[in-house]
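Chains as they are written, first to last, in this note's numbering: chain A, 1 to 79; chain B, 1 to 364.
All C-beta atoms, glycine included, are put in the ideal place defined by N, C-alpha and C.
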């Protein structure tokens with residue numbers, strides 16, 4: 001009788017050895033899960049970069065104005 | 001100039017630049033920074049300029065997630081020396097680094113044994129005075145300190161308190177304070193020789209008209225740039241500056257140079273991470289910490305573990321050429337660290353620069 005998590009074949013008598021196909025399936029599942037996660041991370045990163053690429057980088061600056069500094073520095077001059 | 005050189009584009013992303021001004025007061029700089037971050041939504045800030053402002057923005061940066069502050073020019077030591085913030089970067093030396101060598105030069109070459117230091121009563125001059133005194137007092141010199149609040153217009157009482165026994169007067173004021181002091185010193189007919197601080201012998205002061213120019217000509221000073229350097233990189237930079245700002249100074253001011261370096265470092269790090277500021281700017285900040293940026297002076301700046309610049313410094317002399325004042329190189333000190341080459345714990349044990357620290361007064 002198989003119990004949950006028991007990888008022995010329920011149909012064929014292989015003794016205590018897990019069924020080879022089941023083992024391979026599990027390995028394949030793990031590999032594909034890891035690959036999917038990596039692909040998702042790459043996709044997220046790429047989509048973040050793509051989303052950022054369309055938006056400007058906003059840089060603020062703060063400089064002290066004191067005579068005899070130049071008067072042409074405006075309070076807010078966005079570009 | 002740095003943004004114009006890349007046509008306001010880095011790693012394929014446009015740069016939107018929002019400029020704010022302050023008045024050397026910490027609360028004003030903080031209000032401007034909050035406005036930039038909270039209302040304008042900037043990704044990063046380049047600034048501020050003055051000592052106390054830098055400490056205020058260092059503290060503010062700690063409250064920010066996913067934002068970066070790159071210092072403009074503020075140069076108080078404690079901004080990065082004590083309790084540094086992980087997202088605050090400074091690509092200029094502090095006031096102590098800018099004055100490296102001047103205390104020894106004053107004692108050993110100028111042969112002064114007692115000086116009366118005249119300086120502003122706030123964080124940046126504390127740092128410059130600390131740096132000067134570390135060398136001068138260690139060599140055996142004695143120092144009388146005369147502090148004035150930032151923005152002082154009348155220096156009559158300060159000038160009257162300069163001891164007649166002093167051999168020289170290091171003036172560590174900048175901007176309008178330097179102009180006011182030097183003008184009144186000249187008008188008072190005072191004769192003790194002067195020595196100039198890093199922002200005293202700067203184009204902001206040297207380019208202004210007035211009797212102070214006569215006093216400045218020939219003075220010894222220390223600072224991170226030399227106006228009349230023949231280094232090809234500097235010559236080319238001055239040429240570009242003069243073309244871009246035909247009504248500007250004879251050479252770029254210390255402020256212009258440091259904001260330029262900060263902007264160049266920022267662009268370099270943005271290029272390295274391909275303009276990616278996601279993940280709370282972690283990759284950008286890691287890149288910024290490792291940037292080695294070439295300076296207009298032909299050298300380079302890199303950061304220490306506190307994200308504080310390691311940079312060259314110079315002993316300079318003020319000279320007049322074609323009716324204009326410039327600084328010329330006397331000595332060069334390469335890769336000056338914030339701890340003056342001392343182990344960090346040993347340096348921290350000296351205490352924070354302040355009105356009273358250090359102290360080596362003359363005997364009465």
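Status (buried if at least 16 other CB within 10 Å, exposed otherwise) for residue i
i: residue 59 of chain A; result: buried
i: residue 353 of chain B; result: buried
i: residue 50 of chain B; result: buried
i: residue 243 of chain B; result: exposed
i: residue 205 of chain B; result: buried
i: residue 327 of chain B; result: buried
i: residue 86 of chain B; result: exposed
i: residue 64 of chain A; result: buried
i: residue 292 of chain B; result: exposed
i: residue 31 of chain A; result: exposed
i: residue 106 of chain B; result: buried
i: residue 232 of chain B; result: exposed
i: residue 279 of chain B; result: exposed
i: residue 32 of chain B; result: buried
i: residue 43 of chain B; result: buried
i: residue 4 of chain B; result: exposed
i: residue 348 of chain B; result: exposed
According to DSSP, residues forming a beta bridge with residue i
i: residue 69 of chain B; result: B:45 and B:88
i: residue 282 of chain B; result: None, per the DSSP bridge assignment.
i: residue 310 of chain B; result: B:302
i: residue 37 of chain A; result: The partner list for residue 37 of chain A (beta bridge, DSSP) is empty, contrary to what the question assumes.
i: residue 116 of chain B; result: B:144
i: residue 61 of chain A; result: B:19 and B:46
i: residue 223 of chain B; result: B:314
i: residue 336 of chain B; result: B:311
i: residue 169 of chain B; result: B:194
i: residue 321 of chain B; result: B:324
i: residue 329 of chain B; result: B:316
Contact list for residue i against chain A, beta-carbon separation under 8 Å
i: residue 241 of chain B; result: The premise fails here: residue 241 of chain B is roughly 13 Å from chain A at the closest Cβ pair, so nothing lies under 8 Å.
i: residue 259 of chain B; result: 61 and 63
i: residue 14 of chain B; result: 56 and 57
i: residue 293 of chain B; result: Those do not exist, as residue 293 of chain B stays about 16 Å from chain A at its closest Cβ, beyond 8 Å.
i: residue 323 of chain B; result: Those do not exist, as residue 323 of chain B stays about 17 Å from chain A at its closest Cβ, beyond 8 Å.
i: residue 270 of chain B; result: 57
Contacting residues, own chain, Cβ-Cβ under 7 Å from residue i (five flanking each side not counted)
i: residue 90 of chain B; result: 71, 79, 80, 307, 308 and 309
i: residue 295 of chain B; result: 261 and 301
i: residue 270 of chain B; result: 10, 11 and 284
i: residue 149 of chain B; result: 121
i: residue 337 of chain B; result: 304 and 310
i: residue 250 of chain B; result: 203, 207, 324 and 326
i: residue 238 of chain B; result: 251 and 252
i: residue 137 of chain B; result: 143, 358 and 360
Residues that residue i contacts on chain A, provided the C-beta gap is smaller than 9 Å
i: residue 32 of chain B; result: 60 and 62
i: residue 45 of chain B; result: 59, 60, 61 and 62
i: residue 10 of chain B; result: 57
i: residue 66 of chain B; result: Chain A residues near residue 66 of chain B: none, gap ~13 Å exceeds 9 Å.
i: residue 215 of chain B; result: None at all; the shortest Cβ gap to chain A is about 17 Å.
i: residue 72 of chain B; result: 61, 62, 63 and 64
i: residue 223 of chain B; result: Those within 9 Å of residue 223 of chain B in chain A number zero; the least Cβ separation is about 18 Å.
i: residue 303 of chain B; result: Within 9 Å Cβ-Cβ: nothing; residue 303 of chain B doesn't reach chain A, min ~19 Å.
For residue i, the nearest candidate out of the options (CA to CA)
i: residue 422 of chain B; options: B:342, B:312 and B:126; result: No answer is possible for residue 422 of chain B: it lies beyond the span of chain B, which begins at 1 and ends at 364.
i: residue 344 of chain B; options: B:245, B:105 and B:304; result: B:304
i: residue 171 of chain B; options: B:219, B:140, B:357 and B:111; result: B:219
i: residue 8 of chain B; options: B:69, B:263 and B:65; result: B:263
i: residue 211 of chain B; options: B:198, B:186 and B:235; result: B:186
i: residue 35 of chain B; options: B:24, B:23 and B:19; result: B:19
i: residue 371 of chain B; options: B:333, B:21 and B:316; result: The structure shown has nothing for residue 371 of chain B, since chain B only spans 1 to 364.
i: residue 339 of chain B; options: B:94, B:63, B:13 and B:59; result: B:94
i: residue 29 of chain B; options: B:60, B:223 and B:2; result: B:60
i: residue 1 of chain B; options: B:288, B:272, B:236 and B:356; result: B:236
i: residue 131 of chain B; options: B:22, B:101, B:281 and B:54; result: B:101
i: residue 66 of chain B; options: B:333, B:281 and B:16; result: B:281
Residues of its chain near residue i, where Cβ-Cβ distance is below 8 Å and the 5 sequence neighbours each way are ignored
i: residue 28 of chain A; result: none
i: residue 114 of chain B; result: 141, 142, 143, 144, 163, 165, 166, 167 and 362
i: residue 226 of chain B; result: 234, 297, 314, 316, 327, 328 and 329
i: residue 341 of chain B; result: none
Other residues of its chain near residue i: CB distance less than 6 Å, five sequence neighbours each side excluded
i: residue 52 of chain B; result: 26, 122 and 123
i: residue 70 of chain A; result: With a pLDDT of only 36 at residue 70 of chain A, under 50, the local geometry of the prediction cannot be trusted, and the value read off the model is given with reservation. Cβ neighbours of residue 70 of chain A beyond the five flanking positions: none.
i: residue 299 of chain B; result: 312
i: residue 266 of chain B; result: 70
i: residue 182 of chain B; result: 212 and 215
Chain A contact residues for residue i, given Cβ-Cβ distances below 7 Å
i: residue 98 of chain B; result: Correct list: empty, because the minimum Cβ distance to chain A is about 17 Å.
i: residue 50 of chain B; result: 64
i: residue 29 of chain B; result: 62
Closer than 7 Å: residue i CB and nearest the ligand NAD heavy atom
i: residue 216 of chain B; result: As presented, the structure is devoid of all ligands, the ligand NAD included, so that no description of it is given.
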